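Student: Protein chains in written order, with our numbering: chain A, 1 to 439; chain B, 1 to 439.
Positions of the beta carbon are idealized from the N, C-alpha and C atoms, including for glycine.
Computed from a predicted model, the values in this text were never measured in an experiment.
I am attaching a structure below and will ask some questions about it afterwards.
2 protein chains.
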Amino acid sequence: MNNKEERKYKTQMEAARRGIVTKEMTIAAARENMTAEELIPLVACGKVAIPANRLHKSLDPRGIGSMLTTKINVNLGVSRDCKDYGVELEKVMSAVNMGADAIMDLSSHGNTEPFRLKLVSDCPAMIGTVPVYDSVIHYQRDLGTLTAKDFIDVVRLHAENGVDFVTLHCGITRNTISQIKKHKRKMNIVSRGGSLIFAWMCMTGNENPFYEYYDEILDICREYDVTVSLGDACRPGCLADATDVCQTEELVRLGELTSRAWEKDVQVIVEGPGHVPMDQIAANMKVQQSVCKGAPFYVLGPLVTDIAPGYDHITAAIGGAIAAMNGASFLCYVTPAEHLALPDIEDVKQGIIASRIAAHAADIAKGVRGARDIDDRMADARHALDWDGQWKCAIDPETARAIRESRKPENDDTCSMCGKFCAVRSMNKALRGEAVDIL
Amino acid sequence: MNNKEERKYKTQMEAARRGIVTKEMTIAAARENMTAEELIPLVACGKVAIPANRLHKSLDPRGIGSMLTTKINVNLGVSRDCKDYGVELEKVMSAVNMGADAIMDLSSHGNTEPFRLKLVSDCPAMIGTVPVYDSVIHYQRDLGTLTAKDFIDVVRLHAENGVDFVTLHCGITRNTISQIKKHKRKMNIVSRGGSLIFAWMCMTGNENPFYEYYDEILDICREYDVTVSLGDACRPGCLADATDVCQTEELVRLGELTSRAWEKDVQVIVEGPGHVPMDQIAANMKVQQSVCKGAPFYVLGPLVTDIAPGYDHITAAIGGAIAAMNGASFLCYVTPAEHLALPDIEDVKQGIIASRIAAHAADIAKGVRGARDIDDRMADARHALDWDGQWKCAIDPETARAIRESRKPENDDTCSMCGKFCAVRSMNKALRGEAVDIL
Numbered sequence: 001m002n003n004k005e006e007r008k009y010k011t012q013m014e015a016a017r018r019g020i021v022t023k024e025m026t027i028a029a030a031r032e033n034m035t036a037e038e039l040i041p042l043v044a045c046g047k048v049a050i051p052a053n054r055l056h057k058s059l060d061p062r063g064i065g066s067m068l069t070t071k072i073n074v075n076l077g078v079s080r081d082c083k084d085y086g087v088e089l090e091k092v093m094s095a096v097n098m099g100a101d102a103i104m105d106l107s108s109h110g111n112t113e114p115f116r117l118k119l120v121s122d123c124p125a126m127i128g129t130v131p132v133y134d135s136v137i138h139y140q141r142d143l144g145t146l147t148a149k150d151f152i153d154v155v156r157l158h159a160e161n162g163v164d165f166v167t168l169h170c171g172i173t174r175n176t177i178s179q180i181k182k183h184k185r186k187m188n189i190v191s192r193g194g195s196l197i198f199a200w201m202c203m204t205g206n207e208n209p210f211y212e213y214y215d216e217i218l219d220i221c222r223e224y225d226v227t228v229s230l231g232d233a234c235r236p237g238c239l240a241d242a243t244d245v246c247q248t249e250e251l252v253r254l255g256e257l258t259s260r261a262w263e264k265d266v267q268v269i270v271e272g273p274g275h276v277p278m279d280q281i282a283a284n285m286k287v288q289q290s291v292c293k294g295a296p297f298y299v300l301g302p303l304v305t306d307i308a309p310g311y312d313h314i315t316a317a318i319g320g321a322i323a324a325m326n327g328a329s330f331l332c333y334v335t336p337a338e339h340l341a342l343p344d345i346e347d348v349k350q351g352i353i354a355s356r357i358a359a360h361a362a363d364i365a366k367g368v369r370g371a372r373d374i375d376d377r378m379a380d381a382r383h384a385l386d387w388d389g390q391w392k393c394a395i396d397p398e399t400a401r402a403i404r405e406s407r408k409p410e411n412d413d414t415c416s417m418c419g420k421f422c423a424v425r426s427m428n429k430a431l432r433g434e435a436v437d438i439l
Numbered sequence: 001m002n003n004k005e006e007r008k009y010k011t012q013m014e015a016a017r018r019g020i021v022t023k024e025m026t027i028a029a030a031r032e033n034m035t036a037e038e039l040i041p042l043v044a045c046g047k048v049a050i051p052a053n054r055l056h057k058s059l060d061p062r063g064i065g066s067m068l069t070t071k072i073n074v075n076l077g078v079s080r081d082c083k084d085y086g087v088e089l090e091k092v093m094s095a096v097n098m099g100a101d102a103i104m105d106l107s108s109h110g111n112t113e114p115f116r117l118k119l120v121s122d123c124p125a126m127i128g129t130v131p132v133y134d135s136v137i138h139y140q141r142d143l144g145t146l147t148a149k150d151f152i153d154v155v156r157l158h159a160e161n162g163v164d165f166v167t168l169h170c171g172i173t174r175n176t177i178s179q180i181k182k183h184k185r186k187m188n189i190v191s192r193g194g195s196l197i198f199a200w201m202c203m204t205g206n207e208n209p210f211y212e213y214y215d216e217i218l219d220i221c222r223e224y225d226v227t228v229s230l231g232d233a234c235r236p237g238c239l240a241d242a243t244d245v246c247q248t249e250e251l252v253r254l255g256e257l258t259s260r261a262w263e264k265d266v267q268v269i270v271e272g273p274g275h276v277p278m279d280q281i282a283a284n285m286k287v288q289q290s291v292c293k294g295a296p297f298y299v300l301g302p303l304v305t306d307i308a309p310g311y312d313h314i315t316a317a318i319g320g321a322i323a324a325m326n327g328a329s330f331l332c333y334v335t336p337a338e339h340l341a342l343p344d345i346e347d348v349k350q351g352i353i354a355s356r357i358a359a360h361a362a363d364i365a366k367g368v369r370g371a372r373d374i375d376d377r378m379a380d381a382r383h384a385l386d387w388d389g390q391w392k393c394a395i396d397p398e399t400a401r402a403i404r405e406s407r408k409p410e411n412d413d414t415c416s417m418c419g420k421f422c423a424v425r426s427m428n429k430a431l432r433g434e435a436v437d438i439l
């Protein structure tokens, strides 16, 4: 294999540790207004991951972690109820155009490999998968019949297909079965992958293969430079379960598994909750940073209330912004269809924009280099009542423009919200010493 | 006037200080799962306001402040560009049905008094106004021709009309003119009322009448029990202006004005920013609580980024939730049309739901009594895959149900997002010792 021979290192982490500046580091650093020299030590110590499978040739690489802009992931993929791969590919490409940094293909129906290969060949965003979902589909045999080797072979298949990061629920073990029974959580396990492994352990009596054969998995990941995204099977599925023993015990194990991966130069991301009351989010981030030694934290939400189905992009934006301000560096988007249905293209859009708002607000708050510049340009455009200038800074210019134009103001320099009562107009006139006319 | 003779006190604060339990206190306390005895000391010391003009007979009273659930306000009212009072009244009533605790009538066109009287006669939510907006409209004379007395007379008119709280920008003075010029803010003053007073001071050379004649205004407010909402003319209109000298100096003055109102038993709410980076929100709340001695804080947003026109209900939900968790007790809703146009009915709905999410998430975080109960019921319904039970707990059941039903799942107990991969289904089966079928 030519490609392997050309490279003098297996993973970005190994390269960083050996002081080799890779093409991926150079591109990822430039994206952050950093030099590769500033980025390398962060990759070397694991505080930044650059998920970049050596076979993902179309990748436009980017880093995830400390000091960098917060990245966002978009979950897509067909299910048995929504099985049109064409529609799904359209969603992927529009998600990338709308600013997705990563696409997780969670397909759970049909012929998954061609879709995965198509993604790797066409998609410049990082590609992630959850191999345990694909196992049942790949073998077309039901869960209880699969062996540990079957699961590992699907991880290898995804690595060979060019996937940049894989979610692996390595942190639960047989002991988790009694923990879950003993602690009587309201929602038990709500991680799809986690529940499959839990059920498999219950049905077969065996240990979690992703835990038992972790070293073998690391060897596969090292070979292709697949970043391990340590799944949090016990993430809370409701506020009542947040920050409980089940979640915290798994986090401790994820910290151990992080170190074992780093020993083999395998890059790691750690996944986090879930549903968490606002006052517990900062603590969750700090504990993860400490226990997992600064590994990039990838959070789903967290949703700050359970009662807003149809609006979970908003509950997630609140939680995600607070999480990112306090240390999370990768936000999984949540759409208005969460808990209800597979998202359609409009849901995907709403989810991406809400995540981007959360990520950007957090980047400003944590002082990421240059993050606020665009807000300052927006303020200048607003001060000048320069509407075209405002659209140039807007996260979704089409929507903003459409709202204004649907209710045209009488005066072209104002909007229909305030008309001639516009404070900006009044102040500009007053400060120029002009009379302010309102009537 | 019969009504005045019946009452042995002028304001709720006076009653509380004299140990009189009013009907309003009893109702407001019951709404919070408190006794009136628990509420009285909070009203007496100003930490809770119960805005309740003695002439607003249709009011369903509620408290705003420390220990209570976070309340939300909905701004409505016609403008020259959108002047249909019928449509606006429809919005008011639907806003109340969607959970608005207060309606601020910001009408700036046409015959405002009949609309205001109609609101007071029909609307059970608290009614607020900004008399300075109405002054130009009421007299049909442009700003520069109005006198200090004209402004005060409009405050009296609104009090006599039965308005429960009035926003008065008492905190800026002639000194603010040089402050604003000196500090070169990006957005100067973005408060509509603040800009009108600023312009009036510039045009006439006079002092801010709401500051100069504050005692006279307090006497009017005392007479009708109108709560003074101390407007923040210098609230930041962009992230760059947040927490600056102009804002902070005005806040100090609002603290002084709070004490002066309390000396006359007049209830006070203090208004706050605006556009604020996330990392500055908690500090803003703490400083306000200290400087204004625990008076209820009423925030507009704060918006945590400037670049999301079309989505400012989301930027405001992030900021509002953090603000409320850290001490704000009253959130002014922000709609997707903010900065762009007068909101239509759908915008109003989106704004209210986003605010309710922020308020509820904060109430959970700050430990308001019983706030999380409904989330726990939602979790129980989810665990049982009881979809009707979920709709009963949902903040907007119609929208949630419609999303699920638009993409019907194959299996009635799951949804089309995960189908048979549903973690809840898998866990329920596994914990019952059943085989988990996925295919």
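What's the gap between the Cα of N428 of chain B and the Cα of H169 of chain A?
Tutor: One-based indexing of the second sequence puts residue 428 of chain B at position 428. One-based indexing of the first sequence puts residue 169 of chain A at position 169. In a straight line, the C-alpha of N428 of chain B is about 19 Å away from that of H169 of chain A.
Student: Among the candidates B:T335, B:V120 and B:Q390, whose CA atom is the shortest distance from the CA of I307 of chain A?
Tutor: Taking the first sequence and counting its residues from 1, one reaches residue 307 of chain A at position 307. Looking at the Cα atoms, B:Q390 is the closest of the given residues.
Student: Select from the region 112-139 of chain B all residues with a C-beta closer than 9 Å to any C-beta belonging to chain A, and list them in chain order.
Tutor: Of all residues in the region 112-139 of chain B, Y133, V136 and I137 have a Cβ within less than 9 Å of some Cβ in chain A.
Student: Count the other CB atoms, across all protein chains shown, that sit within 10 Å of the CB of S426 of chain A; report buried if there are 16 or more and exposed otherwise.
Tutor: Indexing the first sequence from 1 puts residue 426 of chain A at position 426. Buried.
Student: For the alpha helix (DSSP H) that G231 of chain A lies in, which residues bound it at each end?
Tutor: Sequence index remark: in the first sequence, residue 231 of chain A carries index 231 (1-based). Element bounds for G231 of chain A: n/a, residue is neither H nor E.
Student: Are the beta-carbon atoms belonging to P273 of chain B and R222 of chain B less than 7 Å from one another?
Tutor: For the purposes of this step, residue 273 of chain B is taken as the residue at position 273 of the second sequence. For the purposes of this step, residue 222 of chain B is taken as the residue at position 222 of the second sequence. Contact: no.
Student: Using 7 Å as the threshold, is the C-beta distance between G46 of chain B and A365 of chain B below it?
Tutor: Here residue 46 of chain B refers to the residue found at position 46 of the second sequence. Here residue 365 of chain B refers to the residue found at position 365 of the second sequence. Taking 7 Å as the Cβ cut-off, G46 of chain B and A365 of chain B do not qualify as a contacting pair.
Student: Counting Cβ pairs, one atom from each stretch, are 3 or more of them under 8 Å apart for the region 381-401 of chain B and the region 149-166 of chain A?
Tutor: The region 381-401 of chain B, when compared against the region 149-166 of chain A, does not touch it at the 8 Å Cβ threshold.
Student: Sorry if obvious, but does the Cβ on A295 of chain A come closer than 6 Å to a heavy atom of the ligand NAP?
Tutor: Ligands in the displayed structure: none, and consequently the ligand NAP is not present.
Student: Counting C-beta neighbours from all protein chains within 10 Å, is the total for K8 of chain A 16 or more, i.e. buried, or is it exposed?
Tutor: Residue 8 of chain A sits at position 8 when you count from the first residue of the first sequence. Looking at its Cβ environment, which holds fewer than 16 other Cβ atoms inside 10 Å, K8 of chain A is exposed.
Student: At 3 residues or longer, and completely inside the region 301-341 of chain A: list those beta strand (DSSP E) runs for me, N to C.
Tutor: DSSP runs (the beta strand (DSSP E)) wholly in the region 301-341 of chain A: 330-332.
Student: Answer yes or no: does any C-beta atom of chain A fall closer than 7 Å to that of D312 of chain B?
Tutor: The count along the second sequence starts at 1 and reaches residue 312 of chain B at position 312. No, D312 of chain B lies away from the interface with chain A (no Cβ there is under 7 Å from its Cβ).
Student: Using a beta-carbon distance cut-off of less than 8 Å, what residues from the region 178-196 of chain A approach chain B?
Tutor: Cβ contacts with chain B come from I180, K181, K186, M187, N188, I189, V190, S191, R192, G194, S195 and L196.
Student: Quick check: what's the CA-CA separation for R62 of chain B versus V130 of chain B?
Tutor: Indexing the second sequence from 1 puts residue 62 of chain B at position 62. Indexing the second sequence from 1 puts residue 130 of chain B at position 130. In a straight line, the C-alpha of R62 of chain B is about 20 Å away from that of V130 of chain B.
Student: Threshold first: 3 residues or longer. Then list the beta strand (DSSP E) segments lying entirely within the region 24-108 of chain A, N to C.
Tutor: Within the region 24-108 of chain A, the complete beta strand (DSSP E) runs of at least 3 residues are 71-76 and 102-105.
Student: Check whether the region 144-153 of chain A and the region 115-129 of chain A are in contact - that is, three or more C-beta pairs closer than 8 Å.
Tutor: In short, these stretches do not touch, since the Cβ pair count stays below three.
Student: Just to confirm, are V136 of chain A and H109 of chain A a CB contact at a threshold of 7 Å?
Tutor: Within the first sequence, residue 136 of chain A is the residue found at index 136, counting from 1. Within the first sequence, residue 109 of chain A is the residue found at index 109, counting from 1. Not a contact, by the Cβ cut-off of 7 Å.
Student: Are the Cβ atoms of Q267 of chain A and T315 of chain A separated by less than 7 Å?
Tutor: By 1-based counting over the first sequence, the position of residue 267 of chain A is 267. By 1-based counting over the first sequence, the position of residue 315 of chain A is 315. No, Cβ-Cβ distance for Q267 of chain A and T315 of chain A is not below 7 Å.
Student: Within 10 Å of its beta-carbon, does P114 of chain B have 16 or more other beta-carbons around it, so buried, or fewer, so exposed?
Tutor: Residue 114 of chain B sits at position 114 when you count from the first residue of the second sequence. With fewer than 16 other Cβ atoms within 10 Å, it is exposed.
Student: May I have a chain-ordered list of the beta strand (DSSP E) segments no shorter than 3 residues that lie completely inside the region 246-286 of chain B?
Tutor: Those beta strand (DSSP E) runs which fall completely within the region 246-286 of chain B and span 3+ residues are 268-272.
Student: Are the C-beta of R156 of chain A and some C-beta of chain B separated by less than 7 Å?
Tutor: Start at 1 with the first residue of the first sequence, and residue 156 of chain A comes out as number 156. By this cut-off, R156 of chain A is not an interface position.
Student: Which value, in whole angstroms, describes the spacing of the CA atoms of R18 of chain B and M417 of chain B?
Tutor: Indexing the second sequence from 1 puts residue 18 of chain B at position 18. Indexing the second sequence from 1 puts residue 417 of chain B at position 417. Taking the straight line from one Cα to the other gives about 59 Å.
Student: Skipping 5 residues on each side, what residues in its chain have a beta carbon closer than 7 Å to that of Y139 of chain B?
Tutor: The residue you call residue 139 of chain B lines up with position 139 of the second sequence. Contacts found: L146 and D150.
Student: Tell whether a beta-carbon distance below 7 Å holds between A324 of chain B and A354 of chain B.
Tutor: Taking the first residue of the second sequence as 1, we reach residue 324 of chain B at position 324. Taking the first residue of the second sequence as 1, we reach residue 354 of chain B at position 354. Taking 7 Å as the Cβ cut-off, A324 of chain B and A354 of chain B do not qualify as a contacting pair.
Student: Residues of chain B with CB closer than 8 Å to the CB of P209 of chain A, please, in chain order.
Tutor: Start at 1 with the first residue of the first sequence, and residue 209 of chain A comes out as number 209. The contacting residues do not exist; P209 of chain A stays about 16 Å from chain B at best.
Student: Taking the straight line between their C-alpha atoms, what separation do you get for G144 of chain B and N97 of chain B?
Tutor: In the second sequence, counting from the first residue as 1, residue 144 of chain B sits at position 144. In the second sequence, counting from the first residue as 1, residue 97 of chain B sits at position 97. When rounded, the distance between both Cα atoms is 40 Å.
Student: What's the gap between the Cα of D363 of chain A and the Cα of A240 of chain A?
Tutor: Counting from 1 along the first sequence, the entry for residue 363 of chain A is found at position 363. Counting from 1 along the first sequence, the entry for residue 240 of chain A is found at position 240. Cα to Cα, the separation comes out at about 29 Å.
Student: Please classify I345 of chain B as buried or exposed, where buried requires at least 16 other C-beta atoms within 10 Å of its C-beta.
Tutor: Position 345 of the second sequence, counted from the start, is the residue given in the question as residue 345 of chain B. Exposed, since its Cβ has fewer than 16 Cβ neighbours within 10 Å.
Student: Could you give the uninterrupted runs of the beta strand (DSSP E) lying entirely in the region 158-213 of chain A, keeping only those of 3 residues or more?
Tutor: Complete beta strand (DSSP E) runs here, min 3: 165-168.
Student: Where DSSP assigns a beta bridge to V299 of chain B, which residues make up the other side?
Tutor: Along the second sequence, read from residue 1 onward, the residue named residue 299 of chain B stands at position 299. According to DSSP, V299 of chain B bridges with B:G272 and B:L331.
Student: Closer than 8 Å, Cβ to Cβ, to anything on chain B: give me those residues from the region 407-427 of chain A, in chain order.
Tutor: Those residues of the region 407-427 of chain A that come within reach of chain B (Cβ to Cβ, closer than 8 Å) are R407, K408, P409, E410, C415, S416, M417, C418, G419, K420, F421, C422, A423, V424, S426 and M427.
Student: Helix, strand or coil for G294 of chain A per DSSP?
Tutor: What you label residue 294 of chain A is simply residue 294 of the first sequence in a count that begins at 1. Coil.
Student: Could you list which residues in chain A have their beta carbon closer than 9 Å to that of G144 of chain B, in chain order?
Tutor: The residue given as residue 144 of chain B occupies position 144 in the second sequence. Neighbours of G144 of chain B on chain A, chain order: A435, V436 and D437.
Student: At least one CB of chain A closer than 7 Å to the CB of N3 of chain B: is that the case?
Tutor: The sequence position of residue 3 of chain B within the second sequence is 3, counting from 1. Because N3 of chain B sits at a pLDDT of 47, beneath the cut-off of 50, its placement in the model cannot be relied upon, and the point is left open.
Student: If you follow the beta strand (DSSP E) that N127 of chain A is in, where does it begin and where does it stop?
Tutor: The residue you call residue 127 of chain A lines up with position 127 of the first sequence. Checking the sequence, you will find Ile at residue 127 of chain A rather than Asn. Here the beta strand (DSSP E) through I127 of chain A covers M126 to T129.
Student: What is the rounded straight-line gap between the Cα of D380 of chain A and the Cα of D215 of chain B?
Tutor: For the purposes of this step, residue 380 of chain A is taken as residue 380 along the first sequence, with counting starting at 1. For the purposes of this step, residue 215 of chain B is taken as residue 215 along the second sequence, with counting starting at 1. About 39 Å.
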